[in-house]
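K.L.:
For the sequence shown, our numbering puts the final residue at 320, and the numbers step up evenly by one.
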Amino acid sequence: MAKLDLRVRLLGKVLKNFSVANKSRKRILAEQKITISHNPLTDWWMSGLAPDVDVREGTADGADGRIPARIYRPQEAEGPLPLVVFIHGGGWTFGTLNVYDGIASTIARDANAVVVSLAYRLAPTHPWPAAAEDCYAALADVAGRAAEWNADGARLAVVGDSAGGNLAAVLTLMSRDRSGPAIAFQALLYPSTDLTLSSASMEEEANAPLLTKRDMERYRSLYLPHKEDYAHPYASPLLALDHSGLPPALIQVAEHDPLRDDGLNYARALRAAGVPVRITTYVGMPHGYLGFPRLFRSAPQALAELCAELRSRLGPAPAP
Numbered sequence: 001m002a003k004l005d006l007r008v009r010l011l012g013k014v015l016k017n018f019s020v021a022n023k024s025r026k027r028i029l030a031e032q033k034i035t036i037s038h039n040p041l042t043d044w045w046m047s048g049l050a051p052d053v054d055v056r057e058g059t060a061d062g063a064d065g066r067i068p069a070r071i072y073r074p075q076e077a078e079g080p081l082p083l084v085v086f087i088h089g090g091g092w093t094f095g096t097l098n099v100y101d102g103i104a105s106t107i108a109r110d111a112n113a114v115v116v117s118l119a120y121r122l123a124p125t126h127p128w129p130a131a132a133e134d135c136y137a138a139l140a141d142v143a144g145r146a147a148e149w150n151a152d153g154a155r156l157a158v159v160g161d162s163a164g165g166n167l168a169a170v171l172t173l174m175s176r177d178r179s180g181p182a183i184a185f186q187a188l189l190y191p192s193t194d195l196t197l198s199s200a201s202m203e204e205e206a207n208a209p210l211l212t213k214r215d216m217e218r219y220r221s222l223y224l225p226h227k228e229d230y231a232h233p234y235a236s237p238l239l240a241l242d243h244s245g246l247p248p249a250l251i252q253v254a255e256h257d258p259l260r261d262d263g264l265n266y267a268r269a270l271r272a273a274g275v276p277v278r279i280t281t282y283v284g285m286p287h288g289y290l291g292f293p294r295l296f297r298s299a300p301q302a303l304a305e306l307c308a309e310l311r312s313r314l315g316p317a318p319a320p
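(1) Residue 177 to residue 3, Cα distance in whole Å?
(2) Per DSSP, what are the beta-bridge partners of residue 72 in this structure?
(3) According to DSSP, which residues form a beta bridge with residue 172?
(4) Please determine, among 58, 98, 108 and 60, the residue with the shortest C-alpha to C-alpha distance to residue 77.
(5) Considering just the uninterrupted stretch of the alpha helix (DSSP H) at residue 255, what are its terminal residues?
(6) How far does the beta strand (DSSP E) with residue 82 in it reach, from first residue to last?
(7) Can you give me the start and stop residues for the beta strand (DSSP E) that residue 161 sits inside?
(8) Taking the C-alpha atoms as reference points, what is the distance between residue 21 and residue 270?
(9) Within the same chain, show all residues whose beta-carbon is closer than 7 Å to that of residue 195, passing over the 5 residues directly before and after it, in chain order.
(10) Kindly indicate which three-state DSSP category residue 18 falls into: helix, strand or coil?
(11) Whose CA, out of 299, 126, 145 and 189, lies closest to the CA of residue 32?
(12) For residue 241 and residue 41, what's the separation of their Cα atoms in angstroms?
(13) Closest to residue 48 by CA distance: which of 70, 99, 248 and 24 is it?
(14) Rank 104, 7, 25 and 61 by C-alpha distance to the C-alpha of residue 54 and give the top, closest one.
(15) Between residue 254 and residue 277, is the Cβ-Cβ spacing less than 7 Å?
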């Protein structure tokens, strides 16, 4: 294994004081109300909006009413463009559209696509399956409205990181099982796929920086309060009985991440079912490295790989 970069270790020490494992429900609910706005410091830290991208606010269907959505479209692009539904991470408990502006807008520009980022309902106020059902309802709504943004609903991808990667994988199962929108490609970035937390890396990297086993146990308790739901395929997509008929995938994992084997094991399950998969392990990296592109050396490469795969898989519009 590659050694942890000094910047990773230093950031891990700083963020250890903010571990979700030590937060009460009351504190979590209070922190969910904090708005992180764009300013030079936060934009340097997490990367701000990519240039040459138009951004508009919108809404999409959720499972129990409309949910906020943000739409990104590269300026001057000729359409119709591929359509990417982006689902943010944050342990099903945190995460906002503002925090993910940098990733979502970069995908729009560099993959030459319309990106719709979803703000699904968060745990613990809205436990499983609220987030999954919100995202599925929004997926169906967005796919049906593709022309509204001069996008092509037939060239549809789902992308998510961490908990968002879990939800993106779940969406492919839901859409297959329910005869929903045809998803052409899925990109899962250090995803959680097994909420029984039984993968080997969960123990090997139990005290990794940025995300620990204790953090994952806390996130799980907030999202899945009932143990009998841990193995449900719409919570743990790795444990689905059948992975056939799912869309081709890019799966990126971080070497020093308790969730590393969740991604690797899911890639094996997809391949065993005949699904094409590209799997990349970013050595020396911790969970969540894409969120800190100026600090973690692999973040720009990983984002470039993601955008290249989206361009390749979604391709140009078919000739009339």
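All C-beta atoms in this analysis are idealised placements derived from N, C-alpha and C, irrespective of residue type, glycine included.
P.N.:
Taking the coordinates as given:
(1) 42 Å
(2) 55 and 115
(3) DSSP, once it has assigned bridges, lists no residue as partnering residue 172.
(4) 108
(5) Taken as a continuous stretch (DSSP letters only), residue 255 belongs to no alpha helix (DSSP H), being part of the beta strand (DSSP E) at 249-256.
(6) 81-87
(7) 151-161 is the span of the beta strand (DSSP E), which, as asked, contains residue 161.
(8) Residue 21 and residue 270: Cα-Cα distance of roughly 32 Å.
(9) Within the same chain, residue 195 has close Cβ partners 220, 224, 230, 235 and 236.
(10) Note: residue 18 maps to helix in three-state DSSP.
(11) 126
(12) 46 Å
(13) 99
(14) 104
(15) no
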